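Read through the structure below, which is laid out as structure tokens, and then see the notes.
Residue numbers (my numbering): 368 to 879.
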């Protein structure tokens with residue numbers, strides 16, 4: 368056991384934040400799916416206040432958790448990395464990330480420039496800082512949405528309702544779930560839809576005055592408790608090998624990558640902020656064992672909740688430690704430390720080497736591993752990745768066979784075998800190129816593959832918070848190597864411009 372290490376410096380921090388309060392329009396009488404879902408003014412305030420707390424904790428020089436490698440006043444590219452999940456909640460997560468950055472890097476007169484003729488210019492809005500936010504498409508990259516399109520996960524999650532614990536839970540709460548139809552405007556109610564039901568109730572309870580006056584608060588609370596249980600065991604499992612932890616496993620790969628970069632003194636990156644949904648929290652909590660010691664965290668995290676993994680080093684020492692902190696939205700005034708891997712309260716600091724050793728076996732860091740774990744052949748370019756892996760393996764086998772046979776057979780026979788193997792390899796590569804759309808077969812037909820944003824080669828679109836969301840011009844793509852790893856191809860970069868909003872002041876927030 369490693370007791371909490373006192374008198375430490377924070378060398379870097381990774382933060383995962385959930386989006387803030389949302390509001391949408393429910394139109395269909397049978398569906399709980401809302402349209403035009405947007406981050407509300409309350410959600411913006413939640414994000415901004417979270418950012419202000421992050422700034423006070425990690426970027427204020429007088430703080431005991433100050434990260435010395437990050438400029439405390441101005442955003443500096445390379446020192447910090449901001450990313451937002453581009454999924455079905457992309458608008459909310461991006462806008463939440465924007466609100467958080469307004470709190471972390473508020474407007475300042477230091478954001479200025481002196482021109483060659485001596486003219487002194489301050490950025491608009493009294494020094495507003497335009498912090499770049501990268502958006503990550505789940506169709507192309509997986510660390511914030513590992514469960515999406517994962518066949519094995521979907522099939523396993525669909526068995527949830529037939530598990531003994533779920534059947535018992537549903538039976539014990541059958542009357543309550545049936546009574547919820549009094550508040551759902553005729554929409555059907557069942558245990559397998561408990562999250563959608565609670566989300567509907569909660570959204571209306573927060574934003575509809577008449578609904579707030581009609582629905583008892585304890586109804587919202589009991590529905591939330593059931594939704595907590597259902598989602599916690601749908602998007603995670605106490606068994607770390609379970610496919611239900613796929614979201615935490617893809618996130619773990621990114622966390623390990625970032626933390627080990629921050630531990631490297633030659634790497635300028637010391638601050639990473641990712642915005643997403645509540646789902647990856649649930650699996651990551653279970654993989655790290657946080658909820659085994661603190662079961663009160665076993666559920667849907669609140670709006671604008673955030674977890675922070677800090678790299679700490681004792682003053683005058685060389686060893687590195689990881690500390691897990693969590694702030695459950697507006698319910699918590701500050702980040703609080705929690706023990707990992709079954710340690711007791713007060714035993715918060717885990718050696719970085721131990722953290723790597725414990726988490727790396729579960730990390731899914733490349734496309735091929737994800738495709739194999741999910742038993743997926745077509746989704747998310749798995750066909751391309753698998754074909755590339757087969758071609759790579761065949762080339763290795765050919766090389767090994769050629770090396771072995773060159774010493775045991777005649778040149779003539781070796782030449783025949785080599786020709787046959789070369790033909791097989793050429794056929795596989797031709798099939799791969801046809802799959803990619805680079806080659807077509809037909810009489811007298813020449814065809815070029817059309818440019819598609821979601822092509823078979825994965826992409827990450829890089830955006831900046833400056834203007835309209837739909838004004839992207841070009842794209843920076845990520846290609847897949849033969850081994851399934853990702854490779855940046857920075858031939859062109861898309862810049863998203865967005866008109867900056869005035870940073871909201873700290874506001875009174877309704878607990879959600």
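Even for Gly, the Cβ is constructed at its ideal location relative to N, Cα and C.
Everything numeric in this text was worked out from a predicted model, so none of it was measured.
In angstroms with no decimal places, state the Cα-to-Cα distance between residue i and residue j.
i	j	result
residue 685	residue 711	25 Å
residue 619	residue 714	22 Å
residue 560	residue 632	48 Å
residue 558	residue 533	9 Å
residue 638	residue 582	43 Å
residue 498	residue 451	13 Å
residue 691	residue 491	37 Å
residue 888	residue 696	Summary: the structure shown does not reach residue 888, with the chain confined to residues 368 through 879, and so no result is reported for it.
residue 702	residue 732	28 Å
residue 880	residue 440	A query on residue 880 cannot be resolved here, the shown segment of the chain reaching from 368 to 879 and no further.
residue 604	residue 524	11 Å
residue 750	residue 736	13 Å
residue 576	residue 530	39 Å
residue 472	residue 436	15 Å
residue 459	residue 668	16 Å
residue 487	residue 480	6 Å
residue 675	residue 648	11 Å
residue 628	residue 508	19 Å
residue 743	residue 456	24 Å
residue 698	residue 687	31 Å
residue 600	residue 663	14 Å
residue 689	residue 645	22 Å
residue 554	residue 392	15 Å
residue 630	residue 568	44 Å
residue 431	residue 500	28 Å
residue 309	residue 635	The requested residue 309 is not part of the displayed model; the chain covers only 368 to 879.
residue 438	residue 446	8 Å
residue 700	residue 541	36 Å
In three-state DSSP terms, what is residue i?
i	result
residue 712	coil
residue 654	helix
residue 671	coil
residue 463	helix
residue 642	strand
residue 427	coil
residue 405	strand
residue 526	coil
residue 489	strand
residue 628	helix
residue 394	coil
residue 694	strand
residue 479	strand
residue 603	coil
residue 689	strand
residue 359	In the structure as shown, the chain starts at 368 and stops at 879, and residue 359 therefore has no counterpart that could be examined.
residue 683	coil
residue 563	helix
residue 379	strand
residue 728	helix
Taking residue i as the reference, give the member of the options with the closest Cα.
i	options	result
residue 410	672, 739 and 718	672
residue 495	477, 519 and 507	477
residue 405	454, 419, 722 and 462	462
residue 596	665, 722, 552 and 456	665
residue 602	468, 471 and 527	527
residue 536	593, 587, 566 and 573	593
residue 707	612, 726 and 502	726
residue 363	717, 413 and 512	Residue 363 lies beyond the residue range present for the chain, which begins at 368 and ends at 879; the question has no answer from this structure.
residue 389	645, 676 and 670	670
residue 522	378, 705, 508 and 610	610
residue 738	709, 567, 663 and 506	506
residue 386	501, 407 and 403	407
residue 720	678, 748 and 549	678
residue 591	579, 511, 566 and 483	566
residue 513	438, 415, 584 and 612	612
residue 734	510, 484 and 502	510
residue 547	586, 502, 748 and 606	586
Rounded to the nearest angstrom, how far is the Cβ of residue i from that of residue j, given a contact under 8 Å?
i	j	result
residue 425	residue 434	5 Å
residue 464	residue 449	6 Å
residue 598	residue 572	Their Cβ separation, rounded to whole angstroms, is 18 Å, which puts residue 598 and residue 572 out of contact at 8 Å.
residue 493	residue 543	No, residue 493 and residue 543 are not in contact; Cβ-Cβ is about 52 Å, not under 8 Å.
residue 504	residue 539	With a Cβ gap of about 41 Å, residue 504 and residue 539 do not count as contacting.
residue 722	residue 705	The Cβ separation is near 14 Å, so there is no contact.
Using a Cβ-Cβ cut-off of 7 Å, state whether residue i counts as contacting chain D.
i	result
residue 628	The displayed structure is made up of one protein chain only, and chain D is not part of it.
Would you call the segment 677-684 and the segment 393-408 in contact, with 3 or more CB pairs under 8 Å?
no
Any contact between the segment 515-527 and the segment 652-659? By contact I mean 3 or more CB pairs, one from each, below 8 Å.
no
Touch check for the segment 609-623 and the segment 417-432: three-plus C-beta pairs under 8 Å?
no
Would the segment 639-650 and the segment 375-393 be scored as touching if the rule is three or more Cβ pairs under 8 Å?
yes
Okay, do the segment 719-733 and the segment 621-629 touch, 3+ Cβ pairs below 8 Å being the bar?
yes
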